[in-house]
Amino acid sequence: MKTRAGVIGRLVILALFAFLVVAPYGLKPYGIYILSLWAVMTIAAMGLNITLGYAGQVSLAQGSFVGIGAYTTAILTTHGYPFGLAIAVSILLCFAVGWLLGYPALRVQHHYLAFVTLAFSTLCFLVFRNEEWLTGGIYGISGIPRPSFFGVPASSPRAYYYVCLAGLALVSLASWGLIRSPWGRAFRALRENAMRALSLGVDTRLYTLMAFAIGSTLGGVAGTLYAPLVQYIDPSPFALSLSLNLLLMVVVGGSSSFFGPYLGALIAVLLPEWLRFTEGLYLIVYGALVVVLMVFCPSGLLGLAGRLLHRTSAAADPAAEAPR
Amino acid sequence: MTPVLEVANLRKSFGGIAAVDGVSFAVNSGEILGVIGPNGSGKSTLFNCILGQLQPSAGEVRVSGQSIAGFRPCDLNRLGVSRTFQLLQVLPELSVRENLILAGQEHRGSMLSRLFGPPDAGLGEAAAQMIDFFRLSHLAEEKAGLLSYGQQKLLDAAMAFMAGPHLVLLDEPASGVNPSMLALLRERLRAINQEQGATFVVIEHNMEFVMALCRRILVLVEGRLIAEGPPEAIRRDPRVIEAYLGN
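Protein chains in written order, with my numbering: chain B, 5 to 328; chain G, 384 to 630.
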């Protein structure tokens, strides 16, 4: 039974991936852009899902790491450095800064930690906006080139979409490995009961810092892909609203469920498009939907799906719910 | 032979109150030592000082002759000192199997091998054996939080033994456990003590349980040791009776 579910799961994932591969052929450039944006935001949300969903460390600064990655890439590639170097620098920089941001988490938790990361988010925004010599201030950085791979330029929307999709595939495989590894188990133990974990030999300090560093790194990777996608960046997309939005993606999709960020990012990216006809009412509708979801299903949409699935299988097989 | 655990003049004050007030004792290898005392007598504080969860105000703790001042609980655990808590401390969202693997994984390999090695850290077999040993096989894949209180207590104890510790401190293992489960727990603890030579220190309020399990018992009252000896002597000791029943 379990293995059959596993096989079906794998087939569904393969089918979805195949759909993502052929999708751009049926879409206009704007549709391809939306799909690329989804891939990028999913990567950032997956990072936050590691920090928040699995390790239980609240962060309101994930958007800042997307910003750090995007600015690093924009600055380096507009000065003629290769995209590969920009990725490497973004990863190292975000890992280091994320590690440092983890230190407050060793002392404070929950909403206090949220405030610390909120302050960091504001700080980053001010740096992006005010350090004109580096970031171009409110004028931003334009003309960000799209990379080429082995001499093949990925400058068309479709070609760059495949770059984003490949990035998402790589990050997905890596996080899947991480979550299943003993590290993933230690992260969850941190969230569930840090004191007990500590008494079982888990170096909670090291794992807390790692959870921040790894989650932030994925934010940076997302930023690295974001800059060449939009080709022009200014500080406004990396304000606190992006961090909040990423938080919503994780929570709406299903915090600490591996596929939650994919679904959460899809909703966060597509819903504004679908609700465009409502004009100014969009945020009100979105907000109301989130409130309803959180009231009736705090474990997110995937939690809701799991519950419905459980109910139908229990109805089909009454023995499944019999007390043991 | 060097005692497995030595506590010398241990003192811990919270503000003006000395929760543990100059306690000294030693535990020999393979012994099962009981620690009893009325509520608030400092038993759990004593444990927390020994295990690095609290910093003692004065005195020293040595494990196998080595001073453990400044050790964090995780360092101490990797030295082979393990514990259970008074209140339930399993990881509710993890399965029984995963709780046990977690309890052993940090004792194997390096951080790097834990990242790139097998997901079960090579502990799948050991976890299955431990699950069998504590008769939890039918619940192996169940979330620990869904188990009954007594089953969670068994899991809690099993987790403490997962890494093959040589010293285990059990904080009220019997509280809230029904009689049949209690018999199983006592029998399993004895088996581990005899087969693996593990040394236990057990805090307990259930007199019957502690008297049956331990050959030597310490009595702690208001942070001080007032009596020490075999169960029969402790049962008759007028100071102990006074401490429990009052004048």
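Every residue gets a Cβ at the ideal spot worked out from N, C-alpha and C, and that includes glycine.
### Query
What's the gap between the Cα of Gly442(G) and the Cα of Phe132(B)?
Taking the second sequence and counting its residues from 1, the one referred to as residue 442(G) is at position 59. Taking the first sequence and counting its residues from 1, the one referred to as residue 132(B) is at position 128. If I take the Cα positions, the gap works out to 54 Å.
### Query
Is the beta carbon of Val551(G) less than 9 Å from the beta carbon of Thr467(G)?
The residue given as residue 551(G) occupies position 168 in the second sequence. The residue given as residue 467(G) occupies position 84 in the second sequence. In contact: Val551(G) and Thr467(G) (Cβ atoms closer than 9 Å).
### Helix, strand or coil at Val93(B) according to DSSP, with G and I counted as helix
In the first sequence, counting from the first residue as 1, residue 93(B) sits at position 89. Correct three-state label for Val93(B): helix.
### Query
Given that Gln472(G) touches chain B, what residues does it touch there, using C-beta distances under 9 Å?
Locating residue 472(G) in the second sequence gives position 89, where the first residue counts as 1. Close partners of Gln472(G) in chain B (Cβ separation under 9 Å): Asn197, Met199, Arg200 and Ser203.
### Query
chain C partners of Leu477(G), CB-CB under 9 Å?
Any reference to chain C falls outside this structure, whose protein chains are B and G.
### Message
Suppose contacts are defined by Cβ-Cβ distances below 9 Å. Is Gly73(B) in contact with Gly219(B) by that definition?
### Response
The sequence position of residue 73(B) within the first sequence is 69, counting from 1. The sequence position of residue 219(B) within the first sequence is 215, counting from 1. No, they are not a contact pair.
### Nearest residue (CA-CA) to Lys395(G), options Glu476(G), Gly435(G), Gly413(G) and Pro386(G)
Position 12 of the second sequence holds residue 395(G). For Lys395(G), the nearest C-alpha among the options comes from Gly435(G).
#### Entry: Residues near Val93(B) in its chain [Cβ-Cβ closer than 6 Å; skip 5 each side]
Translated into positions along the first sequence, residue 93(B) becomes position 89. These residues qualify, in order along the chain: Thr76.
### Query
Looking at the structure shown, is Asn576(G) part of a helix, part of a strand, or coil, going by DSSP?
Sequence index remark: in the second sequence, residue 576(G) carries index 193 (1-based). Helix.
### Message
What does DSSP give as the partner residue(s) for Ser152(B) in the beta ladder?
### Response
Against the first sequence, residue 152(B) aligns to sequence position 148. By DSSP's assignment, Ser152(B) forms a beta bridge with Pro157(B).
#### Entry: Span of the alpha helix (DSSP H) around Glu591(G)
Here residue 591(G) refers to the residue found at position 208 of the second sequence. Its alpha helix (DSSP H) spans residues Met590 to Leu596.
#### Entry: Residue nearest to Ala391(G) in terms of C-alpha spacing, selected from Leu608(G), Arg618(G), Tyr627(G) and Ile617(G)
Working through the second sequence from its first residue, we reach residue 391(G) at position 8. It is Leu608(G).
### Query
Span of the beta strand (DSSP E) holding Glu443(G)?
Within the second sequence, the letter at position 60 stands for residue 443(G). Run containing Glu443(G): Ala441 to Val446, per the beta strand (DSSP E) assignment.
#### Entry: Thr7(B) versus Gly310(B): straight-line alpha-carbon distance, rounded
Position 3 of the first sequence holds residue 7(B). Position 306 of the first sequence holds residue 310(B). If I take the Cα positions, the gap works out to 17 Å.
### Query
Can a CB atom of chain G be found closer than 9 Å to the CB of Pro302(B)?
Sequence index remark: in the first sequence, residue 302(B) carries index 298 (1-based). No, no contact with chain G.
### Query
So what does Asp415(G) bridge to, in DSSP terms?
Within the second sequence, the letter at position 32 stands for residue 415(G). A small correction: the amino acid at residue 415(G) is Ile; Asp does not occupy that position in the sequence shown. Looking at the DSSP assignment, Ile415(G) forms a beta bridge with Phe583(G).
### Query
For Trp1(B), is the classification buried or exposed, using 16 other Cβ atoms within 10 angstroms of its Cβ as the cut-off for buried?
Only positions 5 to 328 of chain B appear in the structure, and residue 1(B) is not among them; the question remains open.
### Message
Quick check: what's the CA-CA separation for Leu477(G) versus Lys526(G)?
### Response
Taking the first residue of the second sequence as position 1, residue 477(G) is located at position 94. Taking the first residue of the second sequence as position 1, residue 526(G) is located at position 143. Rounded to whole angstroms, Leu477(G) to Lys526(G) spans 5 Å at the Cα level.
### Task
Check whether the Cβ of Ile600(G) lies closer than 9 Å to any Cβ atom in chain B.
By 1-based counting over the second sequence, the position of residue 600(G) is 217. So no, Ile600(G) is outside the interface.
### Query
Any C-beta of chain G sitting closer than 9 Å to the C-beta of Ser220(B)?
Counted from its first residue, the first sequence places residue 220(B) at position 216. It does not: the Cβ of Ser220(B) has no partner Cβ on chain G nearer than 9 Å.
### Task
Note down, in chain order, every chain B residue with its Cβ under 7 Å from the Cβ of Met542(G).
Along the second sequence, read from residue 1 onward, the residue named residue 542(G) stands at position 159. The answer, in chain order, is Leu204.
### Query
Going along the chain, which residues of its own chain have a beta-carbon closer than 7 Å to the beta-carbon of Ser520(G), five neighbours each way excluded?
Locating residue 520(G) in the second sequence gives position 137, counting from the first residue. Ile514.
#### Entry: Inter-residue Cα distance where the pair is Ala326(B) and Leu267(B)
Position 322 of the first sequence, counted from the first residue, corresponds to residue 326(B). Position 263 of the first sequence, counted from the first residue, corresponds to residue 267(B). Its pLDDT being 38, under 50, Ala326(B) is placed unreliably in this model, and the coordinates cannot settle the point.
### Query
Quick one: does Asp207(B) have its CB under 9 Å from some CB of chain G?
For the purposes of this step, residue 207(B) is taken as the residue at position 203 of the first sequence. At least one chain G Cβ lies under 9 Å of Asp207(B).
### Query
Which ranges would you report for the beta strand (DSSP E) in the stretch 448-482 of chain G if only whole runs of at least 3 residues count?
464-467
### Query
Mind checking whether the beta-carbon of Val406(G) lies closer than 8 Å to any heavy atom of the ligand FMN?
Among the components of this structure there are no ligands whatsoever, and the ligand FMN is therefore not found.
### Query
Span of the alpha helix (DSSP H) holding Arg189(B)?
Indexing the first sequence from 1 puts residue 189(B) at position 185. Counting along the chain, the alpha helix (DSSP H) containing Arg189(B) begins and ends at Pro186 to Ser203.
### Task
Taking all protein chains shown into account, decide if Ala452(G) is buried (16 or more other Cβ within 10 angstroms of its Cβ) or exposed.
If you number the second sequence from 1, residue 452(G) lands on position 69. Exposed: under 16 other Cβ atoms inside 10 Å.
### Query
Name the chain B residues whose beta carbon is nearer than 7 Å to that of Pro456(G)?
For the purposes of this step, residue 456(G) is taken as residue 73 along the second sequence, with counting starting at 1. In chain order: Leu202 and Ser203.
### Query
Between Leu274(B) and Trp42(B), is the Cβ-Cβ spacing less than 9 Å?
Taking the first sequence and counting its residues from 1, one reaches residue 274(B) at position 270. Taking the first sequence and counting its residues from 1, one reaches residue 42(B) at position 38. Going by C-beta atoms, Leu274(B) is nearer than 9 Å to Trp42(B).
### Query
In terms of residue numbering, what span does the alpha helix (DSSP H) encompassing Ile36(B) cover?
Counting from 1 along the first sequence, the entry for residue 36(B) is found at position 32. Unbroken alpha helix (DSSP H) run through Ile36(B): Pro33 to Leu52.
### Query
Taking Cβ-Cβ distances shorter than 9 Å, what residues in chain G pair up with Ser261(B)?
Reading the first sequence from its first residue, position 257 is the one you call residue 261(B). Simply none; closest approach about 11 Å.
### Query
Who are Arg599(G)'s beta bridge partners in DSSP?
As a working note, residue 599(G) is residue 216 in the second sequence. According to DSSP, which records beta bridges pairwise, Arg599(G) is partnered with Leu416(G).
### Residues of its chain near Gln469(G), where Cβ-Cβ distance is below 8 Å and the 5 sequence neighbours each way are ignored
Along the second sequence, one-based indexing puts residue 469(G) at 86. So the qualifying residues of the chain are Ser427, Asp554, Glu555, Ser558 and Ile586.
#### Entry: Secondary structure of Leu628(G), DSSP reduced to three states
Within the second sequence, residue 628(G) is the residue found at index 245, counting from 1. DSSP places Leu628(G) in helix when its eight states are reduced to three.
### Query
What do you get for Phe153(B), buried or exposed, if any count of 16 or more other CB atoms within 10 angstroms of its CB means buried?
Here residue 153(B) refers to the residue found at position 149 of the first sequence. Exposed, by the Cβ-count rule.
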